[in-house]
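Protein chains in written order, with this note's numbering: chain S, 5 to 238; chain C, 114 to 374; chain G, 24 to 259; chain L, -15 to 234; chain R, -15 to 234. All C-beta atoms, glycine included, are put in the ideal place defined by N, C-alpha and C. Model, not experiment: these values are computed from the prediction. Inspection log for the structure reproduced underneath, given as C-alpha cells.
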Amino acid sequence: MLKFDFVYLLEQIPKLVPYLDITFLVLILTLFFGTILGFILAAWKLGIRPILSKLAYAFTTAMRCTPSIVLLFLVYYGLPALASIFAFDLNDLSKLFFVVTAFSLSFGNVMSEIIRSSYLAVEKGQYEAAVSVGLTRFDAFRRIILPQAAVVALPNIINSILTLLKEGSLAYTIGLIDVMGKANLLIAMNYEAHALETLLALSFIYWSISIIIEKANELLEQRLSKGRTFVKTV
Amino acid sequence: GSDTDKTEKKANVKKVKVAYAQNSKPITYTDANGKPAGHDVEIMKLVDGLLPQYEFEFIPTTDDDLLLGVEQGKYDVGIKNTFYTEARAKKYIYPKEFLGLSSFGLVLRKDDANIKTLADFAKAGKTLAPIAANNAQYTVIEEFNQKNPDNKVKLEAGDAFTVNVIAYVSEGRSDGGAIIEGQYDQKVRSADGPYHSLDDKLVYNEVDVIKTWPLFNKKQQELADAYDGAIKQLKAEKKTNELSKQFYGRDLYEVLAKVNR
Amino acid sequence: MQTLDLHFMWEAFFIALSGAPITLLITVVALLISIPVGFFFSLIRLNGTPILDQLCRIYISFVRGTPLIIQIFLIYNVMPILLERFLRSTHSTLSVFDVNPIWYAFVVFSLYTIAILTEVFRSALKTVQKSQLEAAHSVGLSTCAAYRRIIIPQALVTALPNLCNATTNLIKNTSLCYALSLREITLRAKVAANPGYNYIEAYIDIFLVYLLICSLVEYGFKKYEKKLKAYQCLSA
Amino acid sequence: MLEVREIRKAFGNQEVLSGISFSIEKGDVAVILGPSGSGKTTLLRCLEFFEQADSGEVLFDDIDVDLRNVTKEQIKAIRQKTAFVFQNYNLFNNKTALENVLEGLVIGRKIPKKEAEAIAKEALDKVGLSDKYAYYPSQLSGGQQQRVGIARAIALSPEIIFFDEPTSALDPELIGEVLATMKKIAKEGTTMLVVTHEMSFAQDVANKIIFMDGGSIVEEGTPRQIFTEPKEERTRQFLKRMLPEYTYYI
Amino acid sequence: MLEVREIRKAFGNQEVLSGISFSIEKGDVAVILGPSGSGKTTLLRCLEFFEQADSGEVLFDDIDVDLRNVTKEQIKAIRQKTAFVFQNYNLFNNKTALENVLEGLVIGRKIPKKEAEAIAKEALDKVGLSDKYAYYPSQLSGGQQQRVGIARAIALSPEIIFFDEPTSALDPELIGEVLATMKKIAKEGTTMLVVTHEMSFAQDVANKIIFMDGGSIVEEGTPRQIFTEPKEERTRQFLKRMLPEYTYYI
Ligand SMILES: Nc1ncnc2c1ncn2[C@@H]1O[C@H](COP(=O)(O)OP(=O)(O)OP(=O)(O)O)[C@@H](O)[C@H]1O
Ligand SMILES: Nc1ncnc2c1ncn2[C@@H]1O[C@H](COP(=O)(O)OP(=O)(O)OP(=O)(O)O)[C@@H](O)[C@H]1O
Ligand SMILES: [Mg+2]
Ligand SMILES: [Mg+2]
C-alpha cells in the first residue's frame, strides 16, 4: 500500500474541476427535459383517459425495470438503428445527446411517481376550494396544489437529482467524459496508483455540490412549509 | 488553389472511426491532454499514415462500448489489446496480420518467485486477484482451466476499477495477479513508477507472449485488407519493434517464433 | 445488423437468473436494515433533535452526495486494509481478506439505502396532519402505537411509490457488486458473454432478468398501495 | 335562475340523492333543512360539480346542463358565477387569511391587485377578522377559519352562493353578525342556497325552505308555511325541537 | 378533581391565555362559553398537553403538574384518564367508524377485542350511527363524523371528557339526542368540561359556567347566576343574543 498522499489529492481537484461543465450540462438538460416528461406522465396517470394512464404506467414499469446501463445502450445503439430505418443517420450525433436522452427518460419516470404521490397527498378539498373561487384547473394546480405538494416532493426530488448528478460513470461507459470520467482517466493514467486520493478528490467535489443543492432545498422547503404544521414524536 | 485541393481530397478520403479503450496505459489510453496515446494507438496512427484513402478518427471509450460498438458498426475498428478467440472471430473480422505482441504474466511476491506457469500457480493453490470479465486475460486463464480441468486456477471476475493488482498482491489480499508486462514495467520497474518502492518485493513471471489484434466490424473487409498491407510494411520496416521497445521496454518480436496464439 | 445468437441468449438467461438470489439477498438485507433505521432517522430529522439531526444531515449528505461506486471502493479497498493493520497490530489470527465480499455489499447498500429512505419517509410523514397524532394520544395510544397504527399507514400511501422506486433502484444498483467480485446477475451474464463476445445478447438477458424481478416487486407494491389507499379512493 | 331537475346520486349502491327537483329565483334565499346524513352537502356538491351526479338536469340562467354528460365549459361557466362555503372550511393551507380571499379575486376574477386587496379586506372586516389578515389557517381558531371561508365567498360577489352550514363553529354573538352580513348581501340581490341548522336565519331571512330527509325533498314552502303549518309528519317532528324558539320569535 | 392555576400561553408575542384558573369537582359538568378566538380551544388543548403552556399548574386527582416542566409519565397518566372530542373531529382517516372507536379501547386501554367491540358498537348506537360501522371518515357526512368523534371519547369511559363544540355540525334533532346522551353520561358520574355555543345544554346540564373572553375568565358561576344575573357587562352583552331563548326555557 502506498502512503496516502494528501498533496496529490489537492492536485487532482483543479484537474477535475474543468470537467464539471459536462456534468452540469448533462444535469441541467436532463432536469429540464426529465421534469417536463415527469409532468406529462403524471398527468396521464392521474387523468381520466384510461389509455394514456395505462400507457404511462407501462412506461414506468419498463423504466423501473431497466438498469441504467442497459437503457443507455438501448438509446445509444437502438436509436440510431431505429433512425436508420427511416434513413436518418444519428451515429454522428454528439454522445451528449444520447446521454441526455437516456437520463431524461429515467429521470422523467422517477419524477412522474414523485409528482403523482405528492399530488395525491394534498387533500381534495384544496382543489375544490380553488375551483370554487373561479380558478382554472391549471391555476388551482399552480397556485394551491403545487406549493403544497412540493413540500412533500422536494426530499424525493433531491434524492433523484443527486443520483443524477453522479451518473457520470454511466456517461463514461460510452466515452463521454465528465468529472467522474476524468477521475477514471486520471486513475488509469497513473496505473491505478493513487486511486484513493483521486476518488476522494472527486467525492469532495461532488459533496460540495450536493451541500449547495441541499442548502437550497432546505430554504425552499422552509418557505413552502409556511403556515403548516407537521407530525412530530414529541 | 489549396482550398479546393483540400475539399477534393476530403471527398475521396473515407473517415474511419477507431475506438480505443481509454484506460489501459500503456497499451491504449487518453493522455493528460485528452489525446489518444499508447502502443496500439501509435501503431494505428502509422497505419493511417500509410493509407491515404482513409482518415482515422480515434474515439476514446470503455471496453464494453468498444466491443458493442464495433460489432454494431458504430465504430469501424476497435483496439484494446484483444487476443484471438474462435468465438470472437464470428463477431468481428480479424485481419490476417496481428497488431502487436503482449507479454502476459503473473505478478507475485518474492517468496513465490518459483511459480513460473499457470499450472504451478494452480497446483500451489494460490489465489488470484479478480480480473474484469471482459478482459482478455480472463479468457486466457479460463481456457487454461478448460484444458486442465484437474488443476484449475481459482478465477474470479471483478473490475479494474476497484481491483489494483499490484496493491492486492503486495498487501497479501491475494497471492498473484494477472498483468501485462508493459504495465508492470511502468508501475513497478520504472524508477518513477508509482509502485517502484515494491520493486524488490515483487516479481513478474511471464506466462506467455500473445498476439493482439484490432477488431474490425464485419462490413469493413476492405479496411481490414488495407490494414494488412500497411502493417506488413511497418513490420518490415521494424517500426513495430521500435514501438514495442518504446512502450514495453523490450522488443517482444524477439520471441515471435515461440508465440503460438 | 447481425442476428442474435438465440441459443446463447437462452442459456445465458438462466446463467444471469442464477445470480438473482445474491441480488435479492443483498436487496432484502439492505431493506431490512434501512427501513427501520431510515424511519428512525426521518423522525430525528422531523423533530429537529439537536445534535442527532446535524449528524443525520451530514451522513445523508455524504452518502447521497458521493457516488456509490466510490463508497464501495472505500469500504471494500480501504477499510479492510485499515482493519488488517489493526488486527495485525493486535496479533489477531483473524484475516480480514477472508471475509466473504457479500458482507461488504450488505454494509454499503444498507448505508446507502438508509440515506435515501430517510428522505422518503420524512417527506411522507409530512403529509400526515398533526391532529391525527393528537387524536391518537387523546384515546390513550402511546406515541409508538399511534405511529404504528395511525400515522405510518397514512404516510405509507405517499411513501410507497417512492419506496418502490428506491427498491427497484437498489436491485439495479446491486449490479455494482461486480466491483466486489460478487457473482450477481450482471457479472454472471457478462462473464458468460466474454468467450463469445455475445455482449448484446448478455445485455438483453440482463434486461430480461431485471424486468422479471423488478416487475414482480412493482406488482407487489402496487397491490399494497391499493390496499392502503382503500380509505381514500372511495371518496375520490 | 337555478332550476334543478331529478338529481340522483348513489355512492356504491347506497342512494344518497333520490331525485331532487326544485327551483330558485334571482334574489331568493333558500334554506335547506334536514337531519344529518340526509344528503344536503351532497346536493350542494353536485350543483358545484365536485361530485358527479348519476343523472338529472341543472338549468342555470341560460346554461342547460345534463348531469350525465357535462362539458368542461359548462362547469367553468357555472363556477364563475357561483361561490361555495364549505362545511369544513377548506381554506388554502399555504395562504394567509388575506391571501385566501385574494386568490379568487386576483387569479380567478382577474381583478387588479390593489383593488382586490381593498375588496378582500372589506370582506374580512365584515366577518370581524380585521386583525387576522396575516394569519395562516393553522393559526386560526375554528370560528375564525369558518369566517375566512365566508369572506372568501362573499368577496367574489357571485350571482349565487352555496353555504354549507356557515355558522356551525360560531358563537351566538358572531352568528348574529354573520347572519346579518348574509342578510345584507341577500338584500343586495345575491341569490343564496343555504344549508343550516340555524332556525332564526331560516325564519328571518329565507323566503323559501326546503326540508330534506333520506335523500328526498319531504316538503318545501315559505318559512311561514313550513314552520307554522307543516304538511308532513316528518317535518313536524323535526321542527318540534325548534318550535318553542320559533313561537317566541313570531 | 381538576384544578387549573394560572395557565398562560402565548403564540409568538400574542398572548392567548393570560392566566386561567378554575377548578372542577368530580361529577361536575362545566361549560366554557366565550366568543370565537377567545382561547377556549387553546385552553382545552393545553390541558390535554397538545399545546405546551408557557406556565401554570394543573392538579389532576393526585397528579400535580407544573406546566413548565411536564414529564412524559405525567402526560401519559393524565391522558389515560381523559378523553377529547375535537372541534374538527380528527377521526383517524385510515380507520372505519367502528375501528376509530375500537382503537382507543383495544390499543389504548388494552380491553379484549370482543368486549371492546361490544362497547364500541354501543357507543356508536348511542349517537345514532348503528348503520355506519364500516364507513371511512371520507364517506361520512359532517354530522356523522362529529358523532363518531363523540362515540370515540365516551366509549373510553374516562374520568373526564373534554368536549370542544361537540354539536356544531349537528341538526337540532341530533343535538337533542347527543346532549341527552351527554346528560346521561354526566349522571353516571363522568366529569365534563364542555366548550359549546349550545345554551340549552349550558342551562339544562351544566352545574358550572365559565365565561371567557380575550384569554381570561371574565366570570364564572352556576348557570342561574350567569344567565339571570351576570355581574360583568361583557357577559351580559354576550348573552343578550341568547336571552330571549333562555327566558323561554326558564
Ligand atoms: N364518498 C361517500 N361514499 C359513501 N357514502 C357517502 C359518501 N359521501 C357521503 N356519503 C353518505 O351520504 C349520506 C349523505 O351525506 P351528506 O354529507 O350529503 O349529508 P348531510 O346532509 O350534509 O349531513 P350533515 O348535516 O351531517 O353534514 C351520508 O349518509 C353519508 O354517509
Ligand atoms: N398556532 C397559532 N399561532 C398563532 N395564533 C394562534 C395559533 N393557534 C391559535 N391562535 C390564536 O389564538 C386565539 C385563540 O384561539 P382558540 O382556537 O383557542 O379560540 P377559540 O376560543 O377556540 O375560538 P372558536 O370558538 O372560534 O373555536 C385565536 O385568536 C387564534 O388566532
Ligand atoms: Mg353536510
Ligand atoms: Mg375553538
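Interface residues of chain G facing residue i [CB-CB closer than 8 Å]
| i | result |
| --- | --- |
| Glu157(R) | Here the premise fails: no neighbours, minimum Cβ distance about 26 Å. |
| Arg63(R) | His160, Ser161 and Gly163 |
Simplified DSSP assignment, three categories, for residue i
| i | result |
| --- | --- |
| Pro149(C) | strand |
| Glu350(C) | coil |
| Thr175(L) | strand |
| Asn70(G) | helix |
| Gly18(R) | coil |
| Glu229(R) | In this predicted model, Glu229(R) has a pLDDT of only 45, less than 50, meaning its place in the structure is not dependable enough to derive any value. |
| Ala259(G) | Confidence in Ala259(G) is poor, its pLDDT being 38 and thus under 50, which makes the residue's placement unreliable; the coordinate value appears in the next sentence. In the structure shown, Ala259(G) sits in coil (DSSP, three-state: anything other than H, G, I, E or B). |
| Phe147(L) | strand |
| Leu13(S) | helix |
Contact set between residue i and chain G, taken where Cβ atoms lie within less than 9 Å
| i | result |
| --- | --- |
| Arg376(C) | Limits of chain C in this structure are 114 at one end and 374 at the other, which puts residue 376(C) out of reach. |
Terminal residues of the beta strand (DSSP E) in which residue i lies
| i | result |
| --- | --- |
| Ser72(S) | First-last for Ser72(S): Ser72 to Phe77, but that is the alpha helix (DSSP H), not the beta strand (DSSP E). |
| Ile194(L) | Lys192 to Asp197 |
Counted within 10 angstroms of its Cβ, other Cβ atoms place residue i as buried (16 or more) or exposed
| i | result |
| --- | --- |
| Pro103(G) | buried |
| Gln226(S) | exposed |
| Thr7(G) | Residue 7(G) falls outside the range modelled here, since chain G spans only 24 to 259, and no answer is possible. |
| Thr231(L) | Because the pLDDT at Thr231(L) is just 38, under 50, the model does not fix this residue reliably, and the value given afterwards should be weighed accordingly. Thr231(L) should be labelled exposed. |
| Arg131(R) | buried |
| Thr113(G) | exposed |
| Pro44(G) | exposed |
| Leu134(G) | buried |
Contacts that residue i makes with chain R (C-beta to C-beta distance below 7 Å)
| i | result |
| --- | --- |
| Val162(G) | Ala67, Glu87, Gly88, Gly92, Arg136 and Leu140 |
Span of the alpha helix (DSSP H), counted from its first residue to its last, around residue i
| i | result |
| --- | --- |
| Lys171(R) | Pro156 to Lys171 |
| Lys56(R) | Lys56 to Lys65 |
| Pro54(S) | Pro54 to Cys69 |
| Thr143(C) | Thr143(C) -> not in any alpha helix (DSSP H); beta strand (DSSP E) instead, spanning Thr141 to Thr143. |
| Arg136(R) | Gly126 to Ile138 |
| Lys239(C) | Lys239(C) -> no alpha helix (DSSP H), and no H or E assigned at all. |
| Gln123(L) | Note, Gln123(L): premise wrong, no alpha helix (DSSP H); not H, not E. |
| Thr136(G) | Pro124 to Leu148 |
| Tyr25(S) | Just to set this straight, residue 25(S) is Asp in the shown sequence, not Tyr. Start and end: Leu24 to Leu50. |
| Ala134(S) | Lys128 to Ser136 |
| Ser204(G) | First-last for Ser204(G): undefined, no H or E at that position. |
| Gly185(S) | Val183 to Met193 |
| Glu255(C) | Ala249 to Lys260 |
Interface residues of chain L facing residue i [CB-CB closer than 7 Å]
| i | result |
| --- | --- |
| Phe222(R) | Glu157 |
| Pro151(S) | Asn78 |
Proximal residues of chain L, C-beta to C-beta of residue i below 8 Å
| i | result |
| --- | --- |
| Leu139(S) | Glu87, Gly88, Ile91 and Gly92 |
8 Å Cβ cut-off: residues of chain R touching residue i
| i | result |
| --- | --- |
| Ala53(G) | Neighbours of Ala53(G) on chain R: none; closest Cβ ~28 Å, over 8 Å. |
Chain G residues whose Cβ lies nearer than 7 Å to that of residue i
| i | result |
| --- | --- |
| Leu181(C) | Tyr222 and Ile223 |
Within chain C, partners of residue i - CB distance below 7 Å
| i | result |
| --- | --- |
| Val214(G) | Ala246 and Ala270 |
Per-residue contacts from residue i into chain L (C-beta, under 9 Å)
| i | result |
| --- | --- |
| Val235(S) | Going along chain L, no residue has its Cβ under 9 Å from Val235(S), so there is no contact; the nearest lies around 13 Å. |
Under 7 Å by beta carbon: chain S residues contacting residue i
| i | result |
| --- | --- |
| Ala145(C) | Met193 |
So if I threshold CB-CB distances at 8 Å, which residues from the stretch 71 to 86 of chain L count as touching chain S? Asn72, Asn74, Leu75, Phe76, Asn77, Asn78, Lys79 and Thr80
Which residues of the stretch 136 to 155 of chain L have a Cβ closer than 7 Å to any Cβ of chain R? Give them in chain order. Glu149, Ser152, Ala153, Leu154 and Asp155
Anything in the stretch 108 to 125 of chain R with a Cβ closer than 7 Å to a Cβ of chain G? List those residues in chain order, please. Tyr120, Ser122 and Gln123
So if I threshold CB-CB distances at 7 Å, which residues from the stretch 66 to 94 of chain G count as touching chain S? Leu66, Leu69, Asn70, Ser84, Phe85, Arg87, Gly88, Thr89, Pro90, Ile92 and Ile93
Determine which residues of the stretch 24 to 39 of chain R have a Cβ less than 9 Å from any Cβ of chain L, and write them out in chain order. Lys24, Thr25 and Thr26
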